[in-house]
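Take any residue in the sequence shown, count from 1 to its spot, add 1418: that is its number in the working numbering.
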Amino acid sequence: MKPLSKRTGRFTESVIRHMTRISDACGAINLSQGFPDFDPPRPLLDRLAEVVTEGPHQYSVTYGAQNLREALAAKFERTAGVRVDPETQVTVTCGSTEAMICAMMTVCDPGDRVLVFSPFYENYGADAILSGAEPVYVPLVPPEYRFDPALLEKGFREGVKALILCNPSNPCGKVFSREELETIAALAVRYDAWVITDEVYEHIVYAPHRHISMASLPQMAERTITCSSLSKTFSVTGWRLGYLIGPEEAVAGARKVHDFLTVGAPAPLQEAAVAGLAMDEDYYRRLNRLYTEKRDGFCAGLDRIGLPHNVPQGTYFVLVDIGRFLRMKRFEGFDDLRFCEWMTRRIGVAAVPGSSFFREPVNHLIRLHFAREKSTLEEALRRLEGMAALLAEEAPV
Ligand code: GLN
């Protein structure tokens, strides 16, 4: 047989989704792949029930149903203060996963370089390979996950087509400040680069931090492709509804890629999602309060148990430091992936190994998410307490 493409040989399957499969197979509490275990808001479900009988059940316009595009444009104007034309500047995709790859394939030719902050959401590595782009990584340095503007400028100076900006940032929970965004924007303008953003956690941001869309900064709407999703905002990750918003020419390119990749996102679900976008500010306030309580409760639980962790400014992820475990004799030879697999099977809590997000050789972190019902999080903490007890049992080697 002739060999398969070199392209697919260059990346592995998603470690996040791999951990979910292991978790399901052993009935663990899945705090690996980030998705809620609670229901979407009632208006979406009620509308979906109507759509079952009323339709639509056939294709929508390939780039998204008109009423959904109009609702997304109105939301973008409300939240980012940027007026966009739903006819030409908004495209609905199958999740922001598809929005990102469409944006990358639209902006990049093989060999083009793209700046990516590390740690980064693992899809960007595969997106770069699939679009032929060469990622150039700029570290976000813990504990604040700040970047060095000089290093970033060096990356721009060496010639890049685009920068990928995940804000709020998966997995480190960083919310970029206005000042940081201005630094990035100034470099993007000076070196004439595109910015492709991933803003799926835009409504999961903890006070006093605030989400600012890159496209809202002066001169940035014309060079930013904003990718986002309804998955996290309305707890509908399985509906696969994402979108991208940007200048007309870029969106026209992305529409072609999207059309030939997937034709369109599910029409009935697009229709039901419009009911979500019709909800007022109170919905977003309640969502924020819900996740703030979860974050505070989960982080306090980790503190009680004695597991060191960061405190996210946004998103529903925490990075937990497992360095002390890895120095124990019982875990000799373990890397973070093996530790996560062990933890899923033996402790009954699934996490994602940090190494799948970092360009640097980081092996001592695991990512847990807290988009779970309170009782589930309490049970997960109880199990993790059992794991933490190991630390008292055995002195480090
Ligand atoms: N963004 C979520 C995570 O990082 C999951 C997204 C996905 O698996 N498509 O876990």
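Don't be surprised by glycine CBs; every beta carbon is placed ideally from N, CA and C. This one's a predicted model, so the numbers in the text were calculated from it and none came from an experiment.
With respect to 6 Å, is the separation between the Cβ of residue i and the closest non-hydrogen atom of the ligand GLN below this value?
i        : result
Asn-1588 : yes
Ile-1582 : no
Gln-1388 : Residue 1388 cannot be examined here, being either before or after the span of the chain that is shown, 1419 to 1815.
Ile-1434 : yes
Gln-1451 : yes
Kindly list the residues whose CB is nearer than 8 Å to the CB of residue i, restricted to its own chain and excluding five residues on each side of it in sequence; keep chain order.
i        : result
Ala-1696 : Pro-1461, Ala-1489
Cys-1758 : Met-1437, Ser-1450, Ala-1768, Ala-1769, Val-1770, Pro-1771, Ile-1784
Glu-1576 : Arg-1531, Val-1554
Ile-1447 : Ser-1441, Gly-1766, Val-1767, Ala-1768, Arg-1790, Thr-1794, Glu-1797, Ala-1798, Arg-1801
Phe-1565 : Phe-1535, Val-1556, Pro-1557, Leu-1558, Val-1559, Glu-1598
Asp-1455 : Ala-1789, Arg-1790, Glu-1791, Thr-1794
Met-1632 : Leu-1583, Asn-1585, Leu-1599, Ile-1602, Ala-1603, Val-1613, Thr-1615, Met-1638, Thr-1642, Thr-1644
Val-1729 : Gly-1591, Arg-1713, Cys-1717, Val-1736
Glu-1540 : Ser-1432, Val-1433, Ile-1434, Ser-1774, Phe-1775
If you check the beta carbons only, do residue i and residue j fall under 7 Å apart?
i        : j        : result
Pro-1553 : Val-1578 : no
Tyr-1481 : Thr-1515 : no
His-1782 : Ile-1740 : yes
Ser-1595 : Gly-1499 : no
Cys-1512 : Arg-1658 : yes
Pro-1586 : Tyr-1563 : no
Gly-1591 : Gly-1732 : yes
Val-1470 : Glu-1689 : no
Ala-1611 : Ala-1580 : yes
Leu-1725 : Ala-1806 : yes
Glu-1571 : Leu-1548 : no
Thr-1644 : Thr-1615 : yes
Phe-1735 : Pro-1589 : yes
Glu-1600 : Ile-1723 : no
Thr-1642 : Val-1607 : no
Glu-1617 : Ser-1646 : yes
Ile-1663 : Gln-1507 : yes
Thr-1430 : Ala-1672 : no
Val-1502 : Ala-1492 : no
Within the same chain, show all residues whose beta-carbon is closer than 6 Å to that of residue i, passing over the 5 residues directly before and after it, in chain order.
i        : result
Glu-1750 : none
Arg-1465 : Ala-1690, Ala-1693
Leu-1755 : Pro-1771
Asp-1545 : Met-1518, Ile-1519, Met-1522
Glu-1484 : With the sequence shown as reference, residue 1484 is identified as Gln, and Glu is not the correct amino acid for it. If we look at Gln-1484 and ignore the five residues flanking it on each side, it has no Cβ neighbours.
So residue i packs on residue j, CB below 8 Å; how close in whole Å?
i        : j        : result
His-1475 : Ala-1691 : With a Cβ gap of about 15 Å, His-1475 and Ala-1691 do not count as contacting.
Leu-1648 : Gly-1694 : 6 Å
Val-1433 : Ser-1774 : 4 Å
Ala-1517 : Tyr-1661 : 6 Å
His-1621 : Asn-1706 : 7 Å
Arg-1764 : Tyr-1624 : Actually they are not in contact, since the Cβ atoms of Arg-1764 and Tyr-1624 sit about 32 Å apart, beyond 8 Å.
Gly-1543 : Asp-1527 : Wrong, their Cβ atoms sit about 18 Å apart, outside the cutoff.
His-1787 : Gly-1452 : 4 Å
Gly-1682 : Tyr-1477 : 6 Å
Tyr-1701 : Pro-1458 : No, Tyr-1701 and Pro-1458 are not in contact; Cβ-Cβ is about 11 Å, not under 8 Å.
Starting from residue i, follow its DSSP beta bridges and name the residues at the other end.
i        : result
Thr-1615 : Leu-1583, Thr-1644
His-1727 : Val-1738
Val-1767 : Ile-1447
Ile-1630 : Looking at the DSSP assignment, Ile-1630 forms no beta bridge with any residue, so it has no partner.
Ser-1649 : DSSP lists no partner for Ser-1649.
Leu-1533 : Val-1554, Leu-1581
Thr-1511 : Gly-1660
Gly-1732 : Val-1623
With a CB to CB cut of under 7 Å and the five nearest residues on each side skipped, what residues in its chain are close to residue i?
i        : result
Ile-1440 : Glu-1759, Thr-1762, Ala-1768
Gly-1656 : none
Pro-1538 : First, the residue type needs correcting, since residue 1538 is Phe and not Pro in the sequence shown. Within the same chain, Phe-1538 has close Cβ partners Cys-1584, Phe-1775.
Arg-1487 : Pro-1504, Val-1508, Val-1510
Val-1780 : Gly-1772, Ser-1773
Arg-1435 : Gln-1451
Glu-1666 : Thr-1506, Gln-1507
Shorter than 7 Å from the beta carbon of residue i to some beta carbon of chain D?
i        : result
Leu-1755 : The structure shown contains no chain D, having only a single protein chain.
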